[in-house]
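The sequence shown begins at 27 in this note's numbering and counts up one residue at a time. Where a beta carbon is used, it is the ideal one built from N, C-alpha and C, also for glycine. All figures in this text were calculated on a predicted structure; none of them were measured in a lab. For reference, the structure is listed below as structure tokens.
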Amino acid sequence: DKLMKYRIHILDQHGLKLSDIQSVIGALRPLEGALDFLRELRSFIQVIVLSDTFEEFAQPLVRQLEWPTLLCHKLEVANDRIVNYRLRIADQKKRTVAALRHLNYNVIAAGDSYNDTAMLGEADVGCLFRAPENVKREFPQFKAVETYCELLKLIKEAL
């Protein structure tokens with residue numbers, strides 16, 4: 027909370043608006059192969075993206091990915107200024123997966139960092155995708171894959 031409030035203060039101090047940040051994010055392109063991967067995946071299963079980002083930051087990139095369902099946090103904005111933020115719930119990735127499993131959904135999850143490991147452990151099948159070596163070493167219980175082709179194969183095998 028302290029770090030996020032500090033970030034908001036820095037943005038305000040330098041006169042940076044939400045539209046400035048969205049403009050930079052809007053210039054980014056999805057990783058090569060990401061859109062084709064999502065299209066293929068959505069041709070046979072539902073896809074939910076769980077992220078610790080904020081809707082307002084993610085929107086330009088999500089648009090380029092043809093609007094997958096994104097569950098993340100929300101910024102409070104007034105006159106194009108970020109004034110605060112609202113976390114949906116604490117530990118939202120893990121708790122979302124737990125809720126989906128409670129509803130008898132089979133959950134296959136992929137992530138790349140420490141903040142994903144609780145979610146991966148909660149899923150029916152969890153794997154690391156393009157994770158740094160230290161994360162792969164520390165969490166050997168999760169299969170690690172590097173390409174969209176490998177991830178697609180893992181998902182199909184888990185169905």
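Looking at the secondary structure, which residues open and close the alpha helix (DSSP H) in which residue i lies?
| i | result |
| --- | --- |
| Asn110 | From DSSP, Asn110 is part of no alpha helix (DSSP H) but of the beta strand (DSSP E) over 107-112. |
| Lys28 | 28-39 |
| Val50 | 44-53 |
| Asp62 | 60-68 |
| Ile181 | 174-184 |
| Leu146 | 143-148 |
Considering just the uninterrupted stretch of the beta strand (DSSP E) at residue i, what are its terminal residues?
| i | result |
| --- | --- |
| Ala157 | Premise fails: Ala157 is in no beta strand (DSSP E) and is neither H nor E. |
| Ala170 | 169-171 |
Let's test the definition: count the other Cβ atoms within 10 Å of the Cβ of residue i and tell me whether it reaches 16, buried, or not, exposed.
| i | result |
| --- | --- |
| Ile71 | exposed |
| Val133 | buried |
| Leu54 | exposed |
| Ile181 | buried |
Since residue i contacts residue j with CB under 8 angstroms, what's their CB separation in whole angstroms?
| i | j | result |
| --- | --- | --- |
| Val123 | Ala135 | 6 angstroms |
| Leu67 | Phe80 | Not a contact, Cβ separation roughly 24 angstroms. |
| Lys119 | Asp142 | 7 angstroms |
| Ile108 | Leu29 | Between Leu29 and Ile108 the Cβ distance is about 14 angstroms, and since that is not below 8 angstroms, they are no contact. |
Using a Cβ cut-off of 8 angstroms (strictly closer), state whether residue i contacts chain B.
| i | result |
| --- | --- |
| Asp142 | Looking at the structure shown, chain B is missing, and only one protein chain is on hand. |
Suppose only complete runs of 4+ residues qualify. What are the alpha helix (DSSP H) ranges in the segment 79-141, listed by chain order?
Fully enclosed alpha helix (DSSP H) runs of 4 or longer: 81-90, 118-128.
Decide yes or no for the touch test of the segment 142-157 against the segment 165-182: beta carbon pairs closer than 8 angstroms, at least 3 of them.
With a cut-off of 8 angstroms on Cβ pairs, the segment 142-157 is in contact with the segment 165-182, counting three or more such pairs.
Using 8 angstroms as the threshold, is the segment 87-98 in touch with the segment 51-67, meaning 3 or more CB pairs across them?
Using a Cβ-Cβ distance cut-off of 8 angstroms, the segment 87-98 and the segment 51-67 are in contact, since at least three pairs of beta carbons, one from each stretch, lie closer than that value.
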